[in-house]
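Residue numbers (our numbering), protein chains in the order written: chain A, 17 to 208; chain B, 4 to 258.
Here is the structure we will look at.
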């Protein structure tokens, strides 16, 4: 052990006196790391900007059960919506890149919203996509729809409304207290 | 005391080397040291004399436990060097021209490092360091980094670190090679002091003058084999030529 400490101390002393090594260890990272980070950030921005400009092809199943929600999606020109989708094939279509995401509205959706009851909608997306553009767009559309429902009920009711919405409880779920809850469930689709 | 018995070292050679070496590389092997036997006694200087490539360094490296012999054995102070190399390492000081020094350490740091590796306490180190620095005239460059030292100064540092732990057996591989006259003389004086202190000194050289002035016992090695092994007096007694150099050339059959 003492011998190991002796060797370690000698190596440390020897290394610390080596200007070239010190420069490689300290100065080079100080110069190179910000440069690399800058390049990576620029590349990220460029990829993100490109992705933002592209349209997202999504499937919308059950538009007849949630026409207002469908309209919300249709209003966004960056969505290319396909309604001719079989709910059972969504995962397969996302895997083979025919779709980037999908929304499934259950038959009782509109009725439950009208009755101030909890309504559920499912969204599908490829979680391995780092930029998450499609997921975010779908989420924004559902949030906007939720806002409109909350506003409508506020006007209709004398009841005190909790400040519209509790924060997202996690990335995939939020609740609107007035509508009681519109819950979004994530369906994890991975590339195999 | 060093006792060497039929020590042999063979190396495997590449196909390319085999072509270059011709008959010397039999069955893809070359014998660097071929069954040499000799004995170095305490209080005497044993000179291993031979031309370049004779096998001197290989023989000394085996004794220093840096190379494992192919066959044969050797004992250092009664310890079997093949079976207990670690024990032997602690008992000898081995200096070879190929041993590297750390350029960014000072001379004293270098010597202290080896003293620490040998487990010396600070007091013993200081006493021994002063003694060696006096003998080798090292005080003037003690705190200079190795990279700034001349060849002779580096050789002095190398010797000081070799014998800092005051071993009973010292092995020097061509210690004066490439040094100026003054530095060589200092080193020769140090070897004499080691002998006078009762240490066993084994050193290799191809400088006949050193052999004549310094050695008590001589072994002549050529192409891995010993051509003579005995006292200096016995060597002089059987000389048929007038000088050591002529006799050496005559013995190895190169005249």
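For glycine and all other residues, C-beta sits at the position ideal for the given N, C-alpha and C.
Query                                                                                                                                                                                            : Result
For residue 249 (chain B), report the span of its alpha helix (DSSP H) as first-last.                                                                                                            : 247-254
Buried or exposed: which applies to residue 62 (chain A), given that a residue is buried once 16 or more other Cβ atoms fall within 10 Å of its Cβ?                                              : exposed
Would you call the stretch 17-24 of chain A in contact with the stretch 112-124 of chain B, where contact means no fewer than 3 C-beta pairs closer than 8 angstroms?                            : yes
So, using beta-carbon positions, are residue 74 (chain B) and residue 83 (chain B) closer together than 8 angstroms?                                                                             : no
Just grab the DSSP bridge partners of residue 62 (chain B) for me.                                                                                                                               : Partner(s): none; residue 62 (chain B) has no beta bridge.
At a Cβ threshold of 8 angstroms, is residue 107 (chain B) touching chain A?                                                                                                                     : yes
Between the stretch 165-180 of chain B and the stretch 13-23 of chain B, do three or more beta carbon pairs fall short of 8 angstroms?                                                           : no
Does DSSP put residue 115 (chain A) in a helix, in a strand, or in coil?                                                                                                                         : coil
Taking DSSP as the reference, what is the three-state secondary structure of residue 183 (chain B)?                                                                                              : coil
Can you find a C-beta in chain B that's less than 8 angstroms from the C-beta of residue 112 (chain A)?                                                                                          : no
Going along the chain, which residues of its own chain have a beta-carbon closer than 6 angstroms to the beta-carbon of residue 248 (chain B), five neighbours each way excluded?                : 211
Going by other Cβ atoms of all chains shown within 10 Å of its Cβ, with 16 needed for buried, is residue 9 (chain B) buried or exposed?                                                          : exposed
Please return the same chain residues whose Cβ sits closer than 6 angstroms to the Cβ of residue 180 (chain A), not counting the five positions on each side in sequence.                        : At residue 180 (chain A), the pLDDT of 37 sits below 50, so the modelled position is not reliable and the matter cannot be decided from this model.
Mapping DSSP to helix, strand and coil, what is residue 75 (chain A)?                                                                                                                            : strand
According to the Cβ coordinates, are residue 104 (chain B) and residue 160 (chain B) closer than 8 angstroms?                                                                                    : yes
Return helix, strand or coil for residue 175 (chain A), following the three-state DSSP convention.                                                                                               : Confidence at residue 175 (chain A) is low in this model, with a pLDDT of 43, below 50, so the placement of that residue is unreliable and no value is reported for it.
Looking only at its chain, what residues have a beta carbon closer than 6 angstroms to the beta carbon of residue 141 (chain B), apart from the 5 residues adjacent to it on each side?          : 159
According to DSSP, which residues form a beta bridge with residue 125 (chain A)?                                                                                                                 : None; residue 125 (chain A) has no bridge partner.
Would you say residue 36 (chain A) faces chain B, with C-beta separation under 8 angstroms as the test?                                                                                          : no
So which residues of chain A does residue 119 (chain B) contact, with C-beta pairs closer than 7 angstroms?                                                                                      : 22
What residues in the stretch 35-63 of chain A bring their beta carbon closer than 7 angstroms to a beta carbon of chain B?                                                                       : none
Can you find a CB in chain B that lies within less than 8 angstroms of the CB of residue 66 (chain A)?                                                                                           : no
Count the other CB atoms, across all protein chains shown, that sit within 10 Å of the CB of residue 88 (chain A); report buried if there are 16 or more and exposed otherwise.                  : buried
Output, in chain order, the set of chain A residues within a Cβ distance shorter than 8 angstroms of residue 116 (chain B).                                                                      : 22 and 26
Have a look at A:40, A:34, A:31 and A:117 and flag the residue whose alpha-carbon is nearest the alpha-carbon of residue 103 (chain A).                                                          : A:117
Return the chain-ordered list of same chain residues with a C-beta closer than 7 angstroms to the C-beta of residue 56 (chain B), the five sequence neighbours on each side being excluded.      : none
Can you pull the chain B neighbours of residue 19 (chain A), defined as C-beta to C-beta under 9 angstroms?                                                                                      : 119, 120 and 122
For residue 5 (chain B) versus residue 203 (chain B), is the C-beta spacing smaller than 8 angstroms?                                                                                            : yes
Identify which residue in B:53, B:21, B:139 and B:72 has its Cα closest to the Cα of residue 229 (chain B).                                                                                      : B:53
How about residue 30 (chain A): is its C-beta nearer than 8 angstroms to some C-beta of chain B?                                                                                                 : yes
Which first and last residues belong to the alpha helix (DSSP H) in which residue 91 (chain A) is found?                                                                                         : 83-91
At the 8 angstroms Cβ level, is residue 33 (chain A) part of the contact set with chain B, yes or no?                                                                                            : yes
Mind checking residue 12 (chain B): buried by the 16 CB within 10 Å criterion, or exposed?                                                                                                       : buried
Can you list, in chain order, the residues of its chain with a C-beta nearer than 7 angstroms to that of residue 147 (chain A)? Leave out the 5 residues immediately preceding and following it. : 63, 64 and 67
Runs of 4 residues minimum, wholly inside the stretch 199-225 of chain B: which ones carry the alpha helix (DSSP H) assignment?                                                                  : 211-217
Enumerate in chain order the residues of its own chain whose CB-to-CB distance from residue 99 (chain A) is below 7 angstroms, with the five nearest sequence positions on each side excluded.   : 76 and 79
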